[in-house]
Amino acid sequence: AQGAKVIAFDVLFSEATEVDSDGYFSNAMLEADNVVLAESHEYRETPAGIHESWVRPLQQFVEASAATAIVKLPIDIDGAVRQAFLSFDSSTQERFLPAFSYAILDLFLKQAAETKQQGHISQEKLKGFFGSTEPILINYTGPPRTIPTVSYYQAIEPETYLSKDFFKNKIVLVGLSLTATVELKKVDSYEHPFVAESGLMAGVEIHGNVLDTLLRQRFLNQASDVTGHWLFAGLFIVALAALYYFGHITGALLFISVLIAYWLSALLLFLEVAYFIPVVTPIIVLLLFLLMEKIYEVIVEDRQKRFISKAFKNYVSPAVVDQLVTEPERLQLSGEYVETTVIFTDLAGFTSIAEKMEPMKLRALLTQYFTKMIDIMQENNGTLDKLIGDAIMCFFGVPIPTSEHHLQAARTAWGMQLGLKELNAEWVKQGLPELGMRIGVNSGQVVAGNIGTDTLFNYTIMGDCVNLGARLESANKFYGTNLMVGEATQPYIKDEFELRQLDLVKVKGKDKAVAIYEMLGPTGEVAAEKLQNREIYEKALNHYFEGNFKQAAALFQQNIDDFQDTAAVLLLERCQVLIEKPPQQWDGVYAWTSK
């Protein structure tokens, strides 16, 4: 109403709401005739190949808007947004697609041309960026909220909160800029090149900074690859000279002084003449310096490193051994509290099969099986604890701590299932029996270190989470599942794997109830039938938790009839008992009495 030149929504209106609301919005856009809407476009790698996915506004919104464009922002390896594409390549449409900022500015310049506004980039120069696969560097105007920002309630009542004609002749971007809780702040918010204390920047404001960079032609000049290579070579020579001509400490101090001087020079060039040179180079040189320093440590600490290498080379991946040898201080042999994820596996019915096989054939089969399983474990940086008969115990995140241990374990467990399928296919051809495997996965705090006597010991882990992991493995046979996951692991892997909650149980000797889950497979790869079964089962389980045993029993029976679900058989039997003898108090928790 105040005469904004362009109104752009950094919001994906891809789902219908109320008919009247959608109609009002469409009519308003048609009347304004200057609205740009967001759409999403990306390539995903799937087992079938590269898949191009789209999320577009509703068709009625597309028809009512002046343009739609892609809002994707490229994120650097450290999580910050420093650059932006102005167009995207579409393999399915065989053409370039405009980026959000490009479409906004293109529409604005057309409007500006009609009113003969001057002082900004020309349409001809803007079109020169279209079709390029190279991003531009964003010259940010400042930290978050530097670009004039108003809350939505102020925009709805401008006469109360804003100056007259506040939006006149402006580009107005509408999007999320939440400041409530830490979790909400992360919604459509990103890291940026300014100091961490300034907080995350809303994606809509980043688009505003891209527009400002283009509109006012505040382009950053970036050093070429050749220049960057010369800078790297120069600093590398200085580092070597410092190490060769000066002592250990003096050389380190000299190189650090050169490093600081380089950073100050890079900052001065950036602020004064908008020239950007790579600042990662000094870090690389510093790493080279540290590598040379390690030569001294190898000579002095060689005995300890040989011990670590010998002790762990048969239990963890070579990469983990190398890291322990390089950083022995990370290994606490005397014991420490750590967060880990543990896996227990066992071959179903192996005892009866072993009784019928000749011992040497049995040994060959187990060797082939263990080799396959441990290779998969080591690919995910797991640590082998022990082999017990045909069972395996391994863990992740120890001795090298990592926040990825939940996913490492989940990928290993699923990889083991696939690996056993491959082995079974070979064994059947050889006339050998086909084997099944049960797996339990659980996470939690444990004590890790050497357990045993002064002369005989083993590096292992101990704790409640280990005991529950073992119980989950054996519980598979009661629920008719192959791969069971504890509730401490589930939140960290649910985005990468499809899971279904099986039950809420209390382990013998423990007061706290825990949810248990079945891993169905990687997201996007699970059969629709399994997902349908999960939906019905979890509806039944919710009725079961709420004490609606008849409704739960009916749905569990549907699972059995349609999908032959063994877990549903177990829960149906419980429901039938509870229907006959309703409990006086019910919390949905089932107490495990057997292992």
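For my numbering, add 119 to where a residue sits in the sequence shown, where the first one is 1.
Note that the Cβ used here is the ideal one computed from N, Cα and C, for glycine as well.
Whether residue i touches residue j by CB criterion (8 Å)
{"i": "Q564", "j": "C584", "result": "yes"}
{"i": "S296", "j": "T260", "result": "no"}
{"i": "L359", "j": "V377", "result": "no"}
{"i": "N153", "j": "A188", "result": "no"}
{"i": "G501", "j": "T531", "result": "yes"}
{"i": "T600", "j": "G516", "result": "no"}
{"i": "G168", "j": "S206", "result": "no"}
{"i": "L228", "j": "D129", "result": "no"}
{"i": "I635", "j": "D614", "result": "no"}
{"i": "L591", "j": "N561", "result": "yes"}
{"i": "F682", "j": "E648", "result": "yes"}
{"i": "T165", "j": "G643", "result": "yes"}
{"i": "L330", "j": "L245", "result": "no"}
{"i": "E637", "j": "L618", "result": "yes"}
{"i": "T579", "j": "D509", "result": "no"}
{"i": "F374", "j": "V357", "result": "yes"}
{"i": "V566", "j": "Y456", "result": "yes"}
{"i": "L216", "j": "H170", "result": "no"}
{"i": "G605", "j": "V645", "result": "no"}
{"i": "A222", "j": "V155", "result": "yes"}
{"i": "A151", "j": "L131", "result": "no"}
{"i": "G294", "j": "A274", "result": "no"}
{"i": "I240", "j": "N328", "result": "no"}
{"i": "M603", "j": "A589", "result": "no"}
Best match in the options for proximity to residue i [C-alpha to C-alpha]
{"i": "G318", "options": "L539, P263, L256, T460", "result": "P263"}
{"i": "I558", "options": "D195, L466, Q620", "result": "L466"}
{"i": "V696", "options": "A671, M492, Q677, I679", "result": "A671"}
{"i": "V708", "options": "A218, R693, E276", "result": "R693"}
{"i": "L224", "options": "D509, I290, F682", "result": "I290"}
{"i": "K700", "options": "A710, G142, R619, G666", "result": "G666"}
{"i": "A730", "options": "S172, F338, V357, Q536", "result": "Past the boundaries of the shown model lies residue 730; the chain is included only from 120 to 714, so the question cannot be answered."}
{"i": "E253", "options": "T265, P193, E276, E278", "result": "P193"}
{"i": "F204", "options": "F219, D509, Q704", "result": "F219"}
{"i": "A607", "options": "A594, L587, N595", "result": "L587"}
{"i": "Q549", "options": "E276, A483, A594, T490", "result": "A483"}
{"i": "L758", "options": "K631, F664, V604, T712", "result": "For the chain, the structure presents residues 120 to 714; residue 758 sits outside this window and is missing."}
{"i": "L506", "options": "L485, W173, D706", "result": "L485"}
{"i": "M492", "options": "E474, F463, G468", "result": "F463"}
{"i": "Q651", "options": "Y611, I403, I679", "result": "I679"}
{"i": "I698", "options": "T490, I356, A673", "result": "A673"}
{"i": "C395", "options": "L256, A157, G582", "result": "Cys is not the amino acid found at residue 395; the sequence shown has Phe there. Nearest C-alpha to F395: L256."}
{"i": "S471", "options": "G555, L390, Q242, L149", "result": "G555"}
{"i": "A352", "options": "L407, Q677, A646, L551", "result": "L407"}
{"i": "F597", "options": "T712, D706, A151, W546", "result": "T712"}
{"i": "G142", "options": "L390, W173, A183, W546", "result": "A183"}
{"i": "D494", "options": "S343, F514, M535, G468", "result": "M535"}
Residue i - partner residues in DSSP beta bridges
{"i": "K505", "result": "M512"}
{"i": "A157", "result": "A188"}
{"i": "R264", "result": "None, per the DSSP bridge assignment."}
{"i": "L216", "result": "F207"}
{"i": "N561", "result": "V461"}
{"i": "G555", "result": "A467"}
{"i": "M581", "result": "V566"}
{"i": "A710", "result": "K625"}
{"i": "Y456", "result": "V566"}
{"i": "L292", "result": "A127"}
{"i": "I255", "result": "A203"}
The region 654-667 in contact with the region 685-695 per 3-pair CB rule at 8 Å: yes
Length-filtered (4 minimum) alpha helix (DSSP H) runs lying within the region 586-660: 609-612
Segment contact flag, the region 463-478 with the region 515-529, C-beta cutoff 8 Å, min 3 pairs: no
The region 621-630 contacting the region 527-546, beta-carbon criterion three pairs below 8 Å: no
Inter-stretch contact (C-beta, 8 Å, three-pair minimum) for the region 272-289 and the region 123-130: yes
In chain order, each beta strand (DSSP E) run of at least 3 residues that lies wholly inside the region 161-207: 168-174, 186-189
Three-pair Cβ contact test at 8 Å for the region 132-144 versus the region 170-185: yes
Cβ contact (3+ pairs, closer than 8 Å) linking the region 307-315 and the region 192-203: yes
Secondary structure, alpha helix (DSSP H): runs of 4+ residues fully inside the region 308-395: 322-334, 344-364, 367-392
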